[in-house]
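Numbering (the numbering used here), first residue to last: 11 to 445.
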């Protein structure tokens, strides 16, 4: 045990004192924040404003309505064309337009299935969305006028919507809507951590094997102790880096947003007259979801996140360490990585497509017990309310499997760490397990 502690200490201090560790720890949050605001800036400034000609054969659309929409939302302009319709149809660019919309003879009771912006080039959905929104707002007013629905009735019709959600009678803290969001975030975060950070253990083992340092260490330490020490030490360094990134990244996002008044997400094209009501609705919904968030088992979720994070990290790190000991370079490791990555992908698939539909079903329950997928699947199930005995069984199986895999992988480690210049096969790895 003492030797294992020394190896853990050495691995941890060696990792955190490296210049690459310090530089990446400091630079990654800055690059991440820059990426967030950079994507928002690029998305906001990459929108293309169109000048569209409207050729209306139905007679419903009036220029005064189009002028009103163009004033409220100047991002794209729509103009009714009657006199020069032939010229626009032949060559819209020569007529001064980016394209044209040809409206057929519509019936306000039925509408039209598909309307196209015809132009010399194609435009993306983000560009055409503004034009579509303007025409739909006018079209809704046309239908309301045809049905003699005044503005007061329109407000009632828009506000009177039934909201159907799921609520667990036996667990007042469980709310399906907010639970789905928390489950998505927690599961995806665990997936990314295990996928990215687990490979650090493999790279560290390969580095020591290449430098022949392992030959000296293995002479005085048992393979199991060495494996355990390297996994825990490297994992602790990765956990420290992840925590620093999380704290610094969130602080930078908040600070930059407050200081510069920058919005990290692109703004949507909402008419000014609708902003106030939208803000009120958003405020009430935000308060509702915040209250629901407080009713979730936050303490259980946070504790389980840490436990499954550590257990999953240790488990997959043991696989990565065995692979790192068996190969001499990163290229040779690719053939062994697929069986490790597949359970992670399967866990995400089960979580996204099964847990969200039936969190207490047989499939979700079984895969939340299987140690290779439980760190992802169980974290997605917990916000929906999971019996405590299922969590205990899942965690026990996870850490029990970790110790078994470390013992199992140490057999490959003790042979592979001294093998050089030969690309191993699955058959040879099986033989090493018998030594």
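We put the CB at the ideal spot given by N, CA and C, even for glycine.
Take the Cβ of residue 18 as the centre, count every other Cβ of all protein chains shown within 10 Å, and call the residue buried at 16 or more, exposed below.
With 16 or more Cβ atoms within 10 Å of its Cβ, residue 18 is classed as buried.
Which residue marks the beginning of the alpha helix (DSSP H) containing residue 404, and which one marks its end?
That run of the alpha helix (DSSP H) goes 398-426.
Roughly how many whole angstroms lie between the Cα atoms of residue 31 and residue 37?
Using only the alpha carbons, I get a separation of about 10 Å.
What number of angstroms, rounded off, separates the C-alpha of residue 240 from the C-alpha of residue 258?
So the alpha carbons of these two residues sit roughly 27 Å apart.
Starting from residue 89, follow its DSSP beta bridges and name the residues at the other end.
In DSSP, residue 89 forms a bridge with 63.
Secondary structure at residue 336, three-state DSSP: helix, strand or coil?
Three-state result, residue 336: helix.
State the Cα-Cα distance for the pair residue 77 and residue 83, rounded to the nearest angstrom.
Distance between the alpha carbons of residue 77 and residue 83 is about 10 Å.
Take residue 438 as the anchor and find which of 337, 397 and 386 has the nearest alpha-carbon.
Comparing Cα-Cα distances from residue 438 to each of 337, 397 and 386, the minimum goes to 337.
Identify whether residue 109 lies in helix, strand or coil by the three-state DSSP scheme.
Residue 109 falls in the strand class under three-state DSSP.
Between 230, 310, 363 and 407, which lies nearest to residue 325 when the distance is taken from Cα to Cα?
It is 407 whose Cα lies nearest to the Cα of residue 325.
Please return the same chain residues whose Cβ sits closer than 6 Å to the Cβ of residue 194, not counting the five positions on each side in sequence.
Here the set comprises nothing.
Does the beta-carbon of residue 436 have 16 or more other beta-carbons within 10 angstroms, so that it is buried, or is it exposed?
By the neighbour-count rule (16 or more Cβ atoms within 10 Å), residue 436 is not buried but exposed.
Looking only at its own chain, which residues have a Cβ that is under 7 Å from the Cβ of residue 342, when we skip the five neighbours before and after it?
The residues are 433.
DSSP on residue 129, reduced to helix/strand/coil?
Note: residue 129 maps to strand in three-state DSSP.
Classify residue 118 as helix, strand or coil using the three-state DSSP reduction.
Three-state DSSP puts residue 118 in coil, outside helix and strand.
So what's residue 139 in DSSP terms, helix, strand or just coil?
If DSSP states are grouped into helix, strand and coil, residue 139 belongs with the helices.
Could you work out which residue in 97, 67, 61 and 207 is closest to residue 351 when comparing CA atoms only?
When each option's Cα is compared against that of residue 351, the closest is 207.
Can you give the Cα-Cα distance for residue 116 and residue 94, rounded to whole angstroms?
Cα to Cα, the separation comes out at about 21 Å.
Which of helix, strand or coil does DSSP assign to residue 26?
Correct three-state label for residue 26: helix.
Return the first residue and the last residue of the alpha helix (DSSP H) that residue 390 is part of.
Here the alpha helix (DSSP H) through residue 390 covers 384-391.
Among the candidates 97, 109 and 105, whose CA atom is the shortest distance from the CA of residue 58?
Comparing Cα-Cα distances from residue 58 to each of 97, 109 and 105, the minimum goes to 109.
Would you report the Cα separation of residue 164 and residue 153, rounded to the nearest angstrom?
Residue 164 and residue 153: Cα-Cα distance of roughly 11 Å.
So, for residue 210: in the same chain, excluding its five sequence neighbours on each side, which residues have a beta-carbon less than 7 Å away from its beta-carbon?
So the list reads 244 and 248, once near-sequence residues are dropped.
Can you say whether residue 251 is buried or exposed, counting buried as having 16 or more other CB atoms within 10 angstroms of its CB?
The residue is buried, with at least 16 neighbouring Cβ atoms inside 10 Å.
Using only alpha-carbon positions, find the residue among 155, 359 and 235 that is nearest to residue 12.
When only C-alpha atoms are compared, the closest one is 235.
Looking only at its own chain, which residues have a Cβ that is under 7 Å from the Cβ of residue 29, when we skip the five neighbours before and after it?
Excluding sequence neighbours, residue 29 sits near nothing in its chain.
Rounded to the nearest angstrom, how far is the Cβ of residue 204 from that of residue 385, given a contact under 8 Å?
About 7 Å separates the two Cβ atoms, so the contact holds.
Look at the alpha carbon of residue 26 and the alpha carbon of residue 136, and state the distance between them as a whole number of angstroms.
Approximately 45 Å, taken between the alpha carbons.
Taking Cβ to Cβ, would you say residue 201 is nearer than 7 Å to residue 91?
The answer is no: Cβ separation not under 7 Å.
For residue 94, does the three-state DSSP call read helix, strand or coil?
Coil, per DSSP.
Considering Cα atoms alone, identify which of 395, 387 and 403 is closest to residue 196.
Comparing Cα-Cα distances from residue 196 to each of 395, 387 and 403, the minimum goes to 387.
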